[in-house]
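What follows is a set of notes on a single structure, which appears directly below.
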Amino acid sequence: MAVYTHVPAEDLSAFVARYDIGALVAAKGIAEGVENSNYLIDTTRGRYILTLYEKRVDTADLPYFLALMRHAADGGLPVPRPIEDKAGEPLQELSGRPACVIEFLTGISVTEPTPALCHAAGEALGRLHAATADFGGVRANALGHEGRLELAAKCLPRAGEIDPALAALIETEMAFQKAHWRADLPQGTIHADLFPDNVLALDDTVTGIIDFYFACTDARAYDLAVMHGAWCFSNDGAVFYSQRAEALEAGYRAAHPITAAEAAAMPVLRRASALRFLLTRAWDWLNTPPGALVTRKDPMAFARRLLHYREAE
Numbered sequence: 001m002a003v004y005t006h007v008p009a010e011d012l013s014a015f016v017a018r019y020d021i022g023a024l025v026a027a028k029g030i031a032e033g034v035e036n037s038n039y040l041i042d043t044t045r046g047r048y049i050l051t052l053y054e055k056r057v058d059t060a061d062l063p064y065f066l067a068l069m070r071h072a073a074d075g076g077l078p079v080p081r082p083i084e085d086k087a088g089e090p091l092q093e094l095s096g097r098p099a100c101v102i103e104f105l106t107g108i109s110v111t112e113p114t115p116a117l118c119h120a121a122g123e124a125l126g127r128l129h130a131a132t133a134d135f136g137g138v139r140a141n142a143l144g145h146e147g148r149l150e151l152a153a154k155c156l157p158r159a160g161e162i163d164p165a166l167a168a169l170i171e172t173e174m175a176f177q178k179a180h181w182r183a184d185l186p187q188g189t190i191h192a193d194l195f196p197d198n199v200l201a202l203d204d205t206v207t208g209i210i211d212f213y214f215a216c217t218d219a220r221a222y223d224l225a226v227m228h229g230a231w232c233f234s235n236d237g238a239v240f241y242s243q244r245a246e247a248l249e250a251g252y253r254a255a256h257p258i259t260a261a262e263a264a265a266m267p268v269l270r271r272a273s274a275l276r277f278l279l280t281r282a283w284d285w286l287n288t289p290p291g292a293l294v295t296r297k298d299p300m301a302f303a304r305r306l307l308h309y310r311e312a313e
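Residues in the sequence shown are numbered from 1 upward in steps of one, following UniProt numbering.
See the structure below:
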C-alpha cells in the first residue's frame, strides 16, 4: 500500500484549484510504490498523478528531482513533466507533506520483461544519459561507493539473522570493492533505480520512465549495471537470463556509447549494484517495525545475484 497520507476530499479539491488543470472529478489512491503517497486524479481537463513525499525523501532534494524530470521531458524523453501551479511553482504542500502534480503517462510495468523490452529499456537509459548530459543539477549518490561501505558496516552485526552465510558474503564483497572500485569512470546524471517497475511499457515499447527519487550524479556505467541486475534475473535472483542481458546492452549501445574503461569495469559495477540492493533490503528487513505499511523485500534475492556475478568471473 502506498497511500500513507490520506487527504480529505475537500482539501484535495482546493489543492487542484491552485493549478490550471481543470476542476477535480475523481481521485484514487495508487497501491504501487513504497516511498511516497500517490493518487491518480482526474479533472475536467485530463488525468494526472499527485505525489505526497513522505519522510524517506529529503525535502531539500525535491527541487533537483523535479528539475531533472522537466529537463528530461523537455529533451523528448517519456518522462512525466511536473505541473506548475498558477504562480509557476511545481512544489507545494498538502496535508503537511511536500506535494506535486505530474503528467500521467500510459503504460504498465511488467514483471517478466521480454528481450525486446529489455532492448527498448536499455535504449531508453542511453537516451536518458544523452539527454541529461547538459543538465546542470548535481546531487551526490548517498549510496555510492563510500555509502555502500558504511551501510555494509551497519548491517554486518545482524546479517546472520537473515541468513547464516550473509555476513561472510558482505565482508568478502566489501574487501573486493575496496580493492577494485574505480573512481575515474565517466560521470553523469543517473537514474540509479531503473527497475522494471519504474518503466512503463505498451507491448515492447517504453512509454514512461518514472520514479527519479534516487537520481544522482555518479558513474554512468553504474546505471547500466543496476539495470542488468534488475532486468536480467528472475525476481528471486536464482535464474539469469542471458538473452535479456545481451538485448539490454545492445539497446543501450544503440543510444549511447560505452567506453573501453566502462566495459572493463562492468563486472565490478555489477557486483557493487548487487551489494547496494542487498544492503538496503537487509537494512529494511532488520529495521522495519512490525505493523509498518512498507512491505519488506527479500535481501537474499540480491545475495544470489551477487553470487552469480562472483561465479561468472
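Virtual Cβ for every residue (Gly too), placed ideally from N, Cα, C.
Pick from the options that is closest to residue i, judged by C-alpha positions
i: F135; options: A272, Y64 and D163; result: Y64
i: E146; options: G29, R182 and T111; result: R182
i: I21; options: P8, D298, F104 and G122; result: F104
i: I170; options: W231, N36 and F302; result: F302
i: Y53; options: T44, E35 and D42; result: E35
i: A215; options: L278, A67 and G160; result: A67
i: R97; options: D203, L166 and S37; result: S37
i: A272; options: D11, F212, A225 and R47; result: A225
i: K28; options: R45, L286, V7 and F15; result: V7
i: E173; options: T111, I162, G160 and A274; result: A274
i: E313; options: W283, R276 and L269; result: L269
i: R281; options: A159, V199 and L125; result: A159
Spatial neighbours of residue i in its chain, beta-carbon cut-off 6 Å, leaving aside the 5 residues before and after
i: A247; result: P115, C118 and H119
i: D85; result: R18 and Y19
Buried or exposed (CB count within 10 angstroms, at least 16 for buried), residue i
i: M1; result: Caution is warranted here: a pLDDT of 40 is assigned to M1, below 50, making its placement in the model unreliable, and no coordinate value can be reported.
i: V239; result: exposed
i: G144; result: buried
i: E311; result: exposed
i: M300; result: buried
i: T205; result: exposed
Whole-number beta carbon distance between residue j and residue i, since they are thought to touch under 8 Å
i: E262; j: L185; result: 6 Å
i: L50; j: Y39; result: 4 Å
i: L151; j: L279; result: 5 Å
i: L156; j: A165; result: Not a contact, Cβ separation roughly 13 Å.
Contact check, residue i vs residue j, beta carbons under 8 Å
i: R191; j: L128; result: The question names Arg, yet the displayed sequence has His at residue 191. Cβ distance < 8 Å, so H191 and L128 count as in contact.
i: A201; j: I102; result: no
i: R139; j: D61; result: yes
i: N141; j: D218; result: yes
i: H228; j: A130; result: no
i: V79; j: I41; result: no
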